[in-house]
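Undergrad:
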Amino acid sequence: MKTKKLIALDTPEASLASAAPVYPRPCLRRDSFFSLDGEWEFSAKPRGFEPDLTKKIRVPFPPESALSGIGEVFPDGTELCYHRRFTLPDGFLRDRVILHIGATDQVAEVWLNGHSLGKHIGGYLPFSFDITPHLHPGENTVFIRVVDELDKHILPWGKQKHKRGGMWYTPVSGIWQSVWMESVPLTYVKALDIRADGSGATIRAEGVDEGMLIVTTPEGLVCEKLRDGCARIDLTAPRLWSPEDPYLYRFKLICGEDTVHSYFACRTLSIREIGGVKRLCLNGKPYFFHGLLDQGYFPDGIFTPAHPSRYEKDILLAKSAGFNTLRKHIKI
Numbered sequence: 001m002k003t004k005k006l007i008a009l010d011t012p013e014a015s016l017a018s019a020a021p022v023y024p025r026p027c028l029r030r031d032s033f034f035s036l037d038g039e040w041e042f043s044a045k046p047r048g049f050e051p052d053l054t055k056k057i058r059v060p061f062p063p064e065s066a067l068s069g070i071g072e073v074f075p076d077g078t079e080l081c082y083h084r085r086f087t088l089p090d091g092f093l094r095d096r097v098i099l100h101i102g103a104t105d106q107v108a109e110v111w112l113n114g115h116s117l118g119k120h121i122g123g124y125l126p127f128s129f130d131i132t133p134h135l136h137p138g139e140n141t142v143f144i145r146v147v148d149e150l151d152k153h154i155l156p157w158g159k160q161k162h163k164r165g166g167m168w169y170t171p172v173s174g175i176w177q178s179v180w181m182e183s184v185p186l187t188y189v190k191a192l193d194i195r196a197d198g199s200g201a202t203i204r205a206e207g208v209d210e211g212m213l214i215v216t217t218p219e220g221l222v223c224e225k226l227r228d229g230c231a232r233i234d235l236t237a238p239r240l241w242s243p244e245d246p247y248l249y250r251f252k253l254i255c256g257e258d259t260v261h262s263y264f265a266c267r268t269l270s271i272r273e274i275g276g277v278k279r280l281c282l283n284g285k286p287y288f289f290h291g292l293l294d295q296g297y298f299p300d301g302i303f304t305p306a307h308p309s310r311y312e313k314d315i316l317l318a319k320s321a322g323f324n325t326l327r328k329h330i331k332i
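Heads up: the sequence shown begins at 1 in my numbering, then just goes up one per residue.
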């Protein structure tokens, strides 16, 4: 099977080895978190062959990247096989354990202790499984198989091409976002839908009906009951978000035995006619949007930076150069 070797590692090995796991879902955060990022057994094989799993790969970096420890581009249809053993810490298990996979490109199948958990199609969205019935006391094993057909498939592939050049970039296959677990009660918040405006926010919680929403503001705490899975917070003189003052309102949602944390920002976008000219306005005032196209590729991790702080660094560098807008290009 012919492969292509890519660039050398740009981030020091020591910094990767010493980096603590970063919580991968800041918009819906719990105290329960067990990361499976790090070293996995790995093989890349043609279909119909048994995986030998003799190589090591660093998850969540795609195998094409230097940060993965592999740094190779594989032919279309190659089966990328990942295997890892883990033992949950004492006190971790509550009522249910959910396995989360941030993204795999393109078609993934997952097994736990030999039991098939299911299949996911698509390279850009997260997916999860309730693994409680298949967990063993002590050591467990998880196996993930991913096949990427790239541009031969009807699925979106963004700007990836095997033959990069011009507007086309290095392909990404396999696992490229975090793999992790959390333990939850029987009734828990499965997802949040947050719709903010210039005066507050409406929060809808999937999986629960009642609870208490507690928002932290500069003036103190604002509380509102969750009814039928929905709560509305209206703020007096809200601090409006802008690139110059990117203020976030943090909140906590308590629903029975489950507690989650998240955030929102208050701002408005509108078009107003001023002096006979239609102007794009931020928070009711004309605003000049001076932007960049952000491809979201990193030299050593391709889709995945060595650390989430790289995102912040990119934003601050753009701001220091006088820009106030980023357009993320064909990447989720």
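Where is the CB? At the ideal position from N, CA and C, for every residue including glycine.
(1) Distance check for ASP105 and THR78, CA to CA, integer angstroms please.
(2) Return the bridge partner residues of HIS261 from the DSSP annotation.
(3) Would TYR311 be called buried (16 or more neighbouring beta carbons within 10 Å of its own) or exposed?
(4) What's the gap between the Cα of LYS163 and the Cα of GLU149?
(5) Where do the ends of the alpha helix (DSSP H) carrying ALA318 lie?
(6) Measure how close the beta-carbons of LEU192 and SER242 come, nearest whole angstrom, since I'm counting them as under 8 Å.
(7) Verify whether the separation of the beta carbon atoms of GLY38 and VAL22 is less than 8 Å.
(8) For ASP234 and VAL184, what's the separation of their Cα atoms in angstroms?
(9) ASP245: which of ASN113, PHE251, CYS266 sits nearest, CA to CA?
(10) Name the two residues that bound the continuous beta strand (DSSP E) containing VAL184.
(11) Report the rounded CA-to-CA distance for SER35 versus PRO89, giving the unit in angstroms.
(12) How should PRO133 be labelled, buried or exposed, when 16 other C-beta atoms within 10 angstroms of its C-beta is the threshold for buried?
(13) Looking only at its chain, what residues have a beta carbon closer than 7 Å to the beta carbon of SER68, apart from the 5 residues adjacent to it on each side?
(14) Could you give the residue range of the beta strand (DSSP E) that holds GLU79?
(15) Taking all protein chains shown into account, decide if THR304 is buried (16 or more other Cβ within 10 angstroms of its Cβ) or exposed.
TA: The short version:
(1) For this step, residue 78 is matched to residue 78 along the sequence shown. For this step, residue 105 is matched to residue 105 along the sequence shown. Spanning the two alpha carbons is a distance of roughly 12 Å.
(2) What you label residue 261 is simply residue 261 of the sequence shown in a count that begins at 1. ARG29, LYS252.
(3) As a first step, residue 311 is located in the sequence shown; it is residue number 311 there, counting from the start. Counting Cβ neighbours within 10 Å, TYR311 comes out exposed, since fewer than 16 surround it.
(4) Mapped onto the sequence shown, residue 163 falls at position 163. Mapped onto the sequence shown, residue 149 falls at position 149. So the two alpha carbons sit approximately 14 Å from each other.
(5) The residue given as residue 318 occupies position 318 in the sequence shown. ALA318 -> alpha helix (DSSP H) spans 309 to 320.
(6) The residue given as residue 192 occupies position 192 in the sequence shown. The residue given as residue 242 occupies position 242 in the sequence shown. That belief does not hold up - the Cβ atoms of LEU192 and SER242 are roughly 24 Å apart, past 8 Å.
(7) The residue labelled residue 38 in the question sits at position 38 within the sequence shown. The residue labelled residue 22 in the question sits at position 22 within the sequence shown. Cβ atoms of GLY38 and VAL22: not closer than 8 Å.
(8) Translated into positions along the sequence shown, residue 234 becomes position 234. Translated into positions along the sequence shown, residue 184 becomes position 184. Approximately 30 Å between the Cα atoms of the pair.
(9) Here residue 245 is taken as the residue at index 245 of the sequence shown, counted from 1. Ranked by how close their Cα comes to the Cα of ASP245, the residues ASN113, PHE251, CYS266 have CYS266 in first place.
(10) Here residue 184 is taken as the residue at index 184 of the sequence shown, counted from 1. 179 to 184 is the extent of the beta strand (DSSP E) around VAL184.
(11) One-based indexing of the sequence shown puts residue 35 at position 35. One-based indexing of the sequence shown puts residue 89 at position 89. Their Cα atoms are separated by approximately 11 Å.
(12) Numbered from its first residue, the sequence shown carries residue 133 at position 133. It is exposed - the Cβ of PRO133 has fewer than 16 other Cβ atoms within 10 Å.
(13) For this step, residue 68 is matched to residue 68 along the sequence shown. For SER68, where only same-chain residues beyond five positions count, the Cβ hits under 7 Å are ILE57, ARG58, PHE61, PRO62.
(14) Position 79 of the sequence shown holds residue 79. Start and end: 79 to 87.
(15) If you number the sequence shown from 1, residue 304 lands on position 304. THR304 should be labelled buried.
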